[in-house]
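Novice: Residue numbers (UniProt numbering): 1 to 505.
Ideal placement from N, C-alpha and C gives every residue a C-beta, glycine not left out.
What follows is a structure written as structure tokens; I'll ask about it next.
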């Protein structure tokens, strides 16, 4: 009995020493609180981020897959995350390690970290290499990197040559497209021998009319235009090489750069700016002379086309920073909150709650936006992020479901930083900064967020926003205060089909 008491006392002593060591290490690594920001005489003179690149808080985005939300009221609200699909997945319990891992990834993408953690543990208990199997299934190595030469072969590595630019097209693709140049649209094959061939009216159209049709499709939906390359080789050639179509996309206001705003177009509350009174912010006043006119913007576009994108309108549309209007930017954030142990039970530890919340940003073509911070999941929110519902739920005038989540929505405005605002930055990165201003919790506050346009995943561009600074401005005291961004994650773009293609407001 004495030996057991001695072992128990020794264990308690070691446990106390570990707790004290952890407490000391946490105290040493604690970051100092930010000092109070200085006041300025001109109200919107917001603190500016250094012109260098904003530090990316999440670099491993190679396995990011954006979500697509369909029309509200249909069978599924989001591809892969509908209520019907969730019911089927819940009824069908995973059995293998890979099924547990896939279920855990799905729950993690929805923000349910508790469920995903339990599923990850079960998956690794069944197979400790299940993560490699998941990557090989959904992200094969052949798509990510070329296979290395076998170690048994006595090969000599060639001397390093000049590095190929990232946006350069491999010569094999150019040769493949050149072989499609003289091909035509062929009608469908005979299904039954001896029957006449089915007519193919589109094959008889001249190239000029076909290009015009493709241009209208591209302006309506660029993704649908890109999918035309899968129909036949002749259409693939037109999609990849017809620069006039990509030029019309870039110069248009629907999804192109003519719809981007490099100076404020509206007030914070959405009201139009008075033409005779310049913007009250200090930096906007500095940029007001000379103003970015349409001519200077076209000059900048021509300079970027020749100097950065190698005279390719297609590369400009893919790589140049721009805002997407046919979807919503969403971030999933989590933080841990200590719970309270039960008063009726004796427990050795205290419960911990994992709180999940979402931040939504929807941009409009007129320079306004809607910002929302909510614990509701995206399938319950994205279809209600509209100006009509924002006005209807303003000041909690109506609280009818399911759009009652819009009671906490904030009005705001946006603009992309012009090229002359960051003269010391590389030309291709000078337009990658986005400034957002929204109303605060009260009429005396204004929120300002500085974001950086990035790309996540493979193939997709301009689908990520990284927060570089978040401030609150007090109109009465003329002070700026910075919010903590410890729990904030980047915002990722997801397409919402209910927003429409030609919505201009």
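1) With H, G and I counted as helix, E and B as strand and the rest as coil, what does DSSP make of residue 499?
2) Which residue wins for smallest C-alpha separation from residue 428, given the options 100, 267, 307 and 249?
3) CB residue 351 to CB residue 343, shorter than 8 Å?
4) Report all residues from its chain with a CB closer than 8 Å to the CB of residue 217; omit the five preceding and five following residues, and keep chain order.
5) Taking buried to mean at least 16 other C-beta atoms within 10 Å of its own C-beta, is residue 189 buried or exposed?
6) Using C-beta distances below 6 Å, list every residue in its chain close to residue 247, excluding the 5 sequence neighbours before and after it, in chain order.
7) Does the distance from the C-beta atom of residue 237 to that of residue 177 stay below 8 Å?
8) Could you spell out the range, first to last residue, of the alpha helix (DSSP H) harbouring residue 336?
9) If you reduce the DSSP assignment to three classes, tell me which class residue 105 lands in.
10) Does DSSP put residue 493 in a helix, in a strand, or in coil?
11) Applying the criterion that 16 or more other CB atoms from any shown protein chain within 10 Å of the CB defines a buried residue, is residue 119 buried or exposed?
12) Going by alpha carbons, who is nearest to residue 93 out of 122, 297 and 70?
13) Using beta-carbon positions only, say whether residue 412 and residue 472 come within less than 8 Å of one another.
14) Keeping to the same chain, check which residues put their C-beta closer than 7 Å to that of residue 114; ignore five residues upstream and five downstream.
15) Alpha carbon to alpha carbon, what distance is there between residue 184 and residue 194?
16) Does the distance from the C-beta atom of residue 359 to that of residue 334 stay below 8 Å?
17) My guess is that residue 445 and residue 487 are in contact by the Cβ rule of under 8 Å, so how many angstroms apart are they, rounded?
18) In the DSSP output, which residue or residues are listed as bridge partners for residue 449?
19) With a threshold of 8 Å on Cβ separation, who are the neighbours of residue 336 within its own chain once the five nearest residues in sequence on each side are excluded?
20) Considering only DSSP beta bridges, list what residue 464 is partnered with.
21) Could you give the residue range of the beta strand (DSSP E) that holds residue 208?
22) Assign residue 462 to one of two classes, buried (16 or more other C-beta atoms within 10 Å of its C-beta) or exposed (fewer than that).
23) Should residue 219 go down as buried or exposed, given a rule of 16 or more other Cβ atoms within 10 Å for buried?
24) Below 8 Å on the Cβ atoms is my guess for residue 404 versus residue 422; work out the distance and round it to an integer in Å.
25) Below 8 Å CB to CB, which residues in the same chain sit around residue 401 once its five sequence neighbours on both sides are set aside?
26) Does the distance from the C-beta atom of residue 323 to that of residue 260 stay below 8 Å?
27) Select from 198, 410, 500 and 419 the residue whose C-alpha is nearest the C-alpha of residue 391.
Specialist: To lay it out plainly:
1) As a working note, residue 499 is residue 499 in the chain shown. It is helical.
2) In the chain shown, residue 428 corresponds to position 428, counting from 1. With distances taken between Cα atoms, residue 428 lies closest to 307.
3) Taking the first residue of the chain shown as 1, we reach residue 351 at position 351. Taking the first residue of the chain shown as 1, we reach residue 343 at position 343. No, they are not a contact pair.
4) By 1-based counting over the chain shown, the position of residue 217 is 217. So the qualifying residues of the chain are 224, 225 and 228.
5) Locating residue 189 in the chain shown gives position 189, counting from the first residue. Classification for residue 189: exposed.
6) Stepping through the chain shown from its first residue, residue 247 is reached at position 247. Within the same chain, residue 247 has close Cβ partners 313.
7) Locating residue 237 in the chain shown gives position 237, counting from the first residue. Locating residue 177 in the chain shown gives position 177, counting from the first residue. A contact, by the Cβ cut-off of 8 Å.
8) On the chain shown, position 336 is the one that residue 336 refers to. It is not in any alpha helix (DSSP H) - residue 336 instead sits in the beta strand (DSSP E) that spans 327-338.
9) Residue 105 sits at position 105 when you count from the first residue of the chain shown. Note: residue 105 maps to helix in three-state DSSP.
10) On the chain shown, residue 493 is found 493 positions in, with the first residue counted as 1. Strand at residue 493.
11) Mapped onto the chain shown, residue 119 falls at position 119. Counting Cβ neighbours within 10 Å, residue 119 comes out buried, since at least 16 surround it.
12) For the purposes of this step, residue 93 is identified with residue 93 of the chain shown, where counting begins at 1. Closest option to residue 93, Cα to Cα, is 122.
13) As a position in the chain shown, residue 412 is number 412, starting the count at 1. As a position in the chain shown, residue 472 is number 472, starting the count at 1. Not a contact, by the Cβ cut-off of 8 Å.
14) In the chain shown, the residue the question calls residue 114 occupies position 114. Within the same chain, residue 114 has close Cβ partners 354.
15) Position 194 of the chain shown, counted from the first residue, corresponds to residue 194. Position 184 of the chain shown, counted from the first residue, corresponds to residue 184. Distance between the alpha carbons of residue 194 and residue 184: 24 Å.
16) Here residue 359 corresponds to residue number 359 of the chain shown, with the count starting at 1. Here residue 334 corresponds to residue number 334 of the chain shown, with the count starting at 1. No, Cβ-Cβ distance for residue 359 and residue 334 is not below 8 Å.
17) Within the chain shown, numbered from 1, the residue matching residue 445 stands at position 445. Within the chain shown, numbered from 1, the residue matching residue 487 stands at position 487. That pair is no contact at about 21 Å.
18) Locating residue 449 in the chain shown gives position 449, where the first residue counts as 1. For residue 449, which the question treats as bridged, DSSP gives the partners 436 and 470.
19) Taking the chain shown and counting its residues from 1, one reaches residue 336 at position 336. For residue 336, where only same-chain residues beyond five positions count, the Cβ hits under 8 Å are 352, 353, 354 and 355.
20) As a working note, residue 464 is residue 464 in the chain shown. In DSSP, residue 464 forms a bridge with 454 and 492.
21) One-based indexing of the chain shown puts residue 208 at position 208. Premise fails: residue 208 lies in the alpha helix (DSSP H), 207-220, not in any beta strand (DSSP E).
22) Residue numbering aside, residue 462 sits at position 462 when the chain shown is read from its first letter. Per the 10 Å Cβ criterion, buried.
23) Mapped onto the chain shown, residue 219 falls at position 219. The residue is buried, with at least 16 neighbouring Cβ atoms inside 10 Å.
24) Against the chain shown, residue 404 aligns to sequence position 404. Against the chain shown, residue 422 aligns to sequence position 422. With a Cβ gap of about 41 Å, residue 404 and residue 422 do not count as contacting.
25) Here residue 401 refers to the residue found at position 401 when the chain shown is read from its first residue. Counting only Cβ-Cβ distances below 8 Å, and skipping sequence neighbours, we find nothing.
26) In the chain shown, residue 323 corresponds to position 323, counting from 1. In the chain shown, residue 260 corresponds to position 260, counting from 1. It is a contact, given that the beta carbons lie within the stated cut-off.
27) Walking along the chain shown from the start, residue 391 turns up at place 391. Closest option to residue 391, Cα to Cα, is 410.
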